[in-house]
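Have a look at the structure below before the remarks.
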Amino acid sequence: MAAARRKTTEFLIATEKCVGCLECQMRCSVVHHRVFNPQLANIRVTPAKNGASYYTIAYLDSCLKCGSCVRACSFGTLVFGASEGPA
Amino acid sequence: MAKKSGCHTGRALEVDLSRGAWSVREIDDETRHLFLGGAGFNAPLALKMIPPGIDPLSPENVILIGAGALTGTEAMGTPKTEIVSKSPLTGTIGTALTGHVGAPLKWAGYDQLIITGRASSPCYLRIFDNEIEICDAGDLWGEDIYATTETLWQRYSPLETTVAAIGQAGENLVRFSLILINKCSTWGRGGQAAVWGSKNLKAIVVHGTQGLKIADQRAFKRLLKTTTDKVMSDRSRDLWSEVGTMVTWEIYARMGNLHVDNWDTAIDPKYAVERFGIEAYRAQTRKRSIACYSCPIACKAELEVKEGRFAGLNTNTSCNMVACMFYAAAAQAEGLPEVAKLNDLANRFGLDNISVGNLAVYVRELHAKGIIPSGDLNGAAQPGVDGAARLIEMVALRQGIGDVLANGWHAIEAHFGDAAKDLAVHIRGMDPPFEPRTNLGTENLGIFTCPRGGHATAALSMTVVPGRKPEQLAKYCGLVGIPPERVGEFVYEGAPGSYGAVNVGRLLKHVEDVNAAYTACGICSRPPINRLYTIEEVRDYLAAAAGLELSSEDVKRAGERIITALTLFNLREGIDRSTLRFPHKWIAKTLKHGDLEVPPVDEALFNTLLDDYYAERGWNVAEGRPTPEKLAELQLAAL
Numbered sequence: 041m042a043a044a045r046r047k048t049t050e051f052l053i054a055t056e057k058c059v060g061c062l063e064c065q066m067r068c069s070v071v072h073h074r075v076f077n078p079q080l081a082n083i084r085v086t087p088a089k090n091g092a093s094y095y096t097i098a099y100l101d102s103c104l105k106c107g108s109c110v111r112a113c114s115f116g117t118l119v120f121g122a123s124e125g126p127a
Numbered sequence: 184m185a186k187k188s189g190c191h192t193g194r195a196l197e198v199d200l201s202r203g204a205w206s207v208r209e210i211d212d213e214t215r216h217l218f219l220g221g222a223g224f225n226a227p228l229a230l231k232m233i234p235p236g237i238d239p240l241s242p243e244n245v246i247l248i249g250a251g252a253l254t255g256t257e258a259m260g261t262p263k264t265e266i267v268s269k270s271p272l273t274g275t276i277g278t279a280l281t282g283h284v285g286a287p288l289k290w291a292g293y294d295q296l297i298i299t300g301r302a303s304s305p306c307y308l309r310i311f312d313n314e315i316e317i318c319d320a321g322d323l324w325g326e327d328i329y330a331t332t333e334t335l336w337q338r339y340s341p342l343e344t345t346v347a348a349i350g351q352a353g354e355n356l357v358r359f360s361l362i363l364i365n366k367c368s369t370w371g372r373g374g375q376a377a378v379w380g381s382k383n384l385k386a387i388v389v390h391g392t393q394g395l396k397i398a399d400q401r402a403f404k405r406l407l408k409t410t411t412d413k414v415m416s417d418r419s420r421d422l423w424s425e426v427g428t429m430v431t432w433e434i435y436a437r438m439g440n441l442h443v444d445n446w447d448t449a450i451d452p453k454y455a456v457e458r459f460g461i462e463a464y465r466a467q468t469r470k471r472s473i474a475c476y477s478c479p480i481a482c483k484a485e486l487e488v489k490e491g492r493f494a495g496l497n498t499n500t501s502c503n504m505v506a507c508m509f510y511a512a513a514a515q516a517e518g519l520p521e522v523a524k525l526n527d528l529a530n531r532f533g534l535d536n537i538s539v540g541n542l543a544v545y546v547r548e549l550h551a552k553g554i555i556p557s558g559d560l561n562g563a564a565q566p567g568v569d570g571a572a573r574l575i576e577m578v579a580l581r582q583g584i585g586d587v588l589a590n591g592w593h594a595i596e597a598h599f600g601d602a603a604k605d606l607a608v609h610i611r612g613m614d615p616p617f618e619p620r621t622n623l624g625t626e627n628l629g630i631f632t633c634p635r636g637g638h639a640t641a642a643l644s645m646t647v648v649p650g651r652k653p654e655q656l657a658k659y660c661g662l663v664g665i666p667p668e669r670v671g672e673f674v675y676e677g678a679p680g681s682y683g684a685v686n687v688g689r690l691l692k693h694v695e696d697v698n699a700a701y702t703a704c705g706i707c708s709r710p711p712i713n714r715l716y717t718i719e720e721v722r723d724y725l726a727a728a729a730g731l732e733l734s735s736e737d738v739k740r741a742g743e744r745i746i747t748a749l750t751l752f753n754l755r756e757g758i759d760r761s762t763l764r765f766p767h768k769w770i771a772k773t774l775k776h777g778d779l780e781v782p783p784v785d786e787a788l789f790n791t792l793l794d795d796y797y798a799e800r801g802w803n804v805a806e807g808r809p810t811p812e813k814l815a816e817l818q819l820a821a822l
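First to last, the protein sequences are chains A and B. In terms of the working numbering, the first sequence is residues 41 to 127. In terms of the working numbering, the second sequence is residues 184 to 822.
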């Protein structure tokens with residue numbers, strides 16, 4: 041299963057479920073840099089500002105598609121795409 | 184200065200607003216072991232840095248902001264960051280908690296922020312890692328919190344900055360003004376914003392890029408798996424995540440905990456549920472949930488009024504249940520859109536919802552009894568959204584009689600005299616959120632022992648809901664570190680008080696100690712978070728994340744040390760058990776709750792329970808004062 045996950049190229053993002061806890065960014069930074077630092081994460085959750093609702097969620101080009109962020113999300117905002125996992 | 188290996192940065196940033204200078208001081212290993220973090224670091228420093236007897240609104244007052252030991256890590260629900268100063272509302276130690284500020288502060292490289300002195304003109308403090316700047320806030324002074332926050336977000340865009348700001352109420356030194364963080368999360372209760380206002384401090388902007396390392400990643404990962412499993416198997420989680428604290432609205436309404444006319448009558452539960460309950464909340468104002476850092480619950484919310492006079496209003500709530508308690512019940516707002524409107528106004532001006540609601544019913548009674556003439560109130564005594572909105576504006580802007588009301592309960596009593604004194608319900612100058620006549624659990628007794636006056640976050644326990652069974656209570660005793668051989672001293676038939684089955688006086692000591700220790704770690708007091716952690720798990724997290732080698736007894740003992748240090752601050756101010764006054768309404772008046780007339784609490788019962796509480800603490804019972812032996816045992820003798 042781990043190999044299949046590494047091949048996954050799609051994460052599905054349900055922006056409306058995001059609550060801004062930043063667990064995904066913290067997980068990404070600790071997995072890849074061994075430090076809790078959202079500024080080093082390959083996923084960026086930007087809070088609602090200037091009257092706009094919800095968050096914007098974006099992946100940087102440096103994302104390795106490891107899926108750590110998806111596993112850290114407990115609100116169902118990030119989920120693996122259909123290609124994830126064994127057939 | 185060496186950086187610590189764990190998630191403590193070991194650094195405190197000290198900013199002197201008078202001199203416009205800053206420096207970094209070390210937080211030593213002994214302090215980390217004795218006080219754990221955040222709220223713990225603040226307690227002894229408040230005693231050392233805030234001179235006795237000062238005016239809380241003078242430059243001598245000190246602002247201490249401490250991030251929890253686990254704050255800034257991925258440990259779930261551990262964002263709590265405490266602000267401390269001498270409270271301008273109560274004259275006691277003033278403390279308040281938020282779920283923001285601490286994480287970015289630690290990512291910037293600081294466990295604690297210390298602010299002293301007074302700026303010569305309005306300013307805001309910018310902390311971006313090692314870049315510290317005291318900036319001119321002339322253009323922001325007079326603006327409300329939402330406008331201030333938006334301006335500062337825009338100014339530092341596209342960086343993801345955290346903005347803590349005060350509104351006009353804080354600038355005008357209203358003694359129950361609050362600080363709002365990122366337009367949502369509060370440092371409420373006790374008038375912390377007035378302390379900022381007195382220092383000409385409009386806002387703090389924080390951004391951190393340094394991050395936090397932890398001591399043992401493998402152990403941390405194992406612990407996180409255990410916590411995650413508990414979160415995902417919690418059957419109440421989905422509802423908490425959707426409607427937040429409104430989960431408890433119906434329970435509180437049925438208990439009679441929501442007063443509608445200055446503590447004489449409880450809200451009709453049927454009306455409360457139909458008009459303000461979860462279904463109405465979903466349909467009328469809830470838009471989405473908002474989380475503090477690392478929280479798997481997300482009990483805060485963005486509100487959007489869907490229909491009616493306030494249609495389109497968009498605002499945030501830190502705790503919609505509290506907004507309903509004090510606007511739907513006390514202020515008698517007509518519906519949830521009106522609650523949202525009042526919450527929005529209080530957020531923008533920077534006022535404490537609890538105090539505004541309690542003040543609204545009090546003013547209404549003073550007006551009904553002819554103590555305040557109608558002309559002085561300009562409609563502010565009217566029940567409903569318009570009256571309460573007028574009251575908020577008068578207080579925040581100190582208009583007319585609002586100038587008196589803004590000075591808090593002690594000043595209000597002094598102004599209106601004896602006739603008004605028996606009508607005021609407050610403890611040491613802070614109006615409480617809980618009603619002890621319907622349920623005398625630890626939180627209802629804890630409002631009398633809480634170092635910051637009539638609030639009881641540190642006293643929240645399973646007794647918040649009445650009718651727990653002896654076996655449940657006995658199990659709970661174990662969770663707060665009471666050894667099995669002593670449980671019989673706590674849970675027994677005929678225990679004093681309406682709760683029965685458990686001696687809430689004795690239990691309160693242990694609840695406060697554990698909650699204080701958890702708070703020092705950053706763990707939120709909301710039940711779905713608090714119950715995720717046993718004391719042993721907290722010990723293990725502290726070892727894995729912060730590298731602290733402690734026993735579970737050490738962890739709880741740190742909480743005892745924190746409560747004791749905060750109490751020492753009050754004792755130094757001459758505030759001890761002899762100066763405690765039980766609100767007249769609670770000891771002399773019945774509460775109408777539907778067809779029931781709930782009797783007052785016997786003053787002797789309050790005193791019996793407090794005797795038991797202080798005896799359990801091992802303190803001098805008559806004075807509520809730690810003995811020299813106890814201070815030595817807690818390694819606090821130097822304080």
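We treat Cβ as the ideally placed atom computed from N, Cα and C, and that holds for glycine. None of the values given here were measured: they were computed from a predicted structure.
DSSP, read as helix, strand or coil, puts LEU272(B) in coil.
Of the residues GLY558(B), ILE317(B) and HIS390(B), the one whose Cα lies closest to the Cα of THR344(B) is HIS390(B). By the Cβ rule, the region 580-587 of chain B does not count as touching the region 604-623 of chain B, because fewer than three pairs are nearer than 8 Å.
THR273(B) and ALA639(B) have their C-alpha atoms roughly 15 Å apart.
Excluding residues up to 5 positions away in sequence, CYS318, ALA320, LYS385 and ALA386 lie with their Cβ nearer than 6 Å to the Cβ of TYR307(B) in the same chain.
The beta strand (DSSP E) runs of length 3 or more contained entirely in the region 685-754 of chain B do not exist; there are none. Taken through DSSP and simplified to helix, strand or coil, GLY221(B) comes out as helix. Burial check for ASP421(B): the Cβ neighbour count within 10 Å stays below 16, so the residue is exposed. Taking 3 residues as the shortest admissible run, the region 349-400 of chain B contains the following complete beta strand (DSSP E) segments, listed from N- to C-terminal end: 362-364, 368-370 and 384-390. Assigned with DSSP and collapsed to three states, GLU326(B) falls in coil, not helix or strand. Put simply, of GLU209(B), PHE765(B) and ALA748(B) the residue whose alpha carbon is nearest the alpha carbon of VAL267(B) is ALA748(B).
In the three-state DSSP reduction, LEU623(B) falls in the coil class, being neither helix nor strand. With a threshold of 9 Å between beta carbons, VAL119(A) makes no contact with chain B. Only exposed fits ASN313(B), as fewer than 16 other CB atoms lie within 10 angstroms of its CB. When the beta-carbon positions are compared, VAL697(B) and GLY629(B) stay at least 9 Å from each other.
For the pair VAL70(A) and GLU618(B), the Cα-to-Cα distance works out to about 45 Å.
Contact note: GLY60(A) reaches chain B through ILE473 and ALA474, using a C-beta cutoff of 7 Å and chain order. Residues of chain A whose Cβ lies closer than 9 Å to the Cβ of VAL346(B) do not exist, since the nearest Cβ in that chain is about 10 Å away.
Burial is judged here by how many other beta carbons sit within 10 angstroms of a residue's own beta carbon; GLY562(B) has fewer than 16 and is exposed. Put simply, the CB of TYR99(A) is far from chain B, with every gap to its CB atoms at 9 Å or more. Taking C-alpha positions only, LYS269(B) is separated from TYR95(A) by approximately 37 Å. Apart from the 5 residues on each side of it in sequence, VAL443(B) sits with its Cβ closer than 8 Å to the Cβ of ALA449, ILE450, ALA512, ALA513, GLN515 and VAL544 in its chain, given in chain order. Going by DSSP, VAL544(B) is part of no beta strand (DSSP E) but of the alpha helix (DSSP H) stretching over 536-551. Bounds of any beta strand (DSSP E) do not take in ARG458(B); it lies within the alpha helix (DSSP H) bounded by 452-459. Residue-level contact by beta carbon fails for PHE51(A) and chain B, as no gap is shorter than 9 Å. When the Cα atoms are used, GLU485(B) and SER472(B) turn out to be separated by approximately 6 Å.
DSSP, read as helix, strand or coil, puts TRP290(B) in helix. In this structure GLY285(B) touches GLY705(B) by the C-beta definition: roughly 7 Å separates them, less than 8 Å.
One finds GLU343 in chain B with Cβ atoms closer than 7 Å to the Cβ of THR86(A), taken in chain order. Under the DSSP assignment, ALA798(B) falls in the alpha helix (DSSP H) whose first and last residues are 786-800.
Annotated three-state conformation of GLY107(A) is coil, per DSSP. In this structure, ARG760(B) lies near ARG808(B), with their beta-carbon atoms less than 9 Å apart.
Looking at the DSSP output, GLN295(B) bridges to ALA195(B) and GLY249(B). Neighbourhood of SER69(A) in chain B, by CB distance below 8 Å: GLY394, in chain order. Counting of Cβ neighbours within 10 angstroms places MET429(B) among the buried residues, the total reaching 16 or more. In terms of Cα proximity to ALA678(B), the closest of ARG208(B), SER368(B) and THR791(B) is THR791(B).
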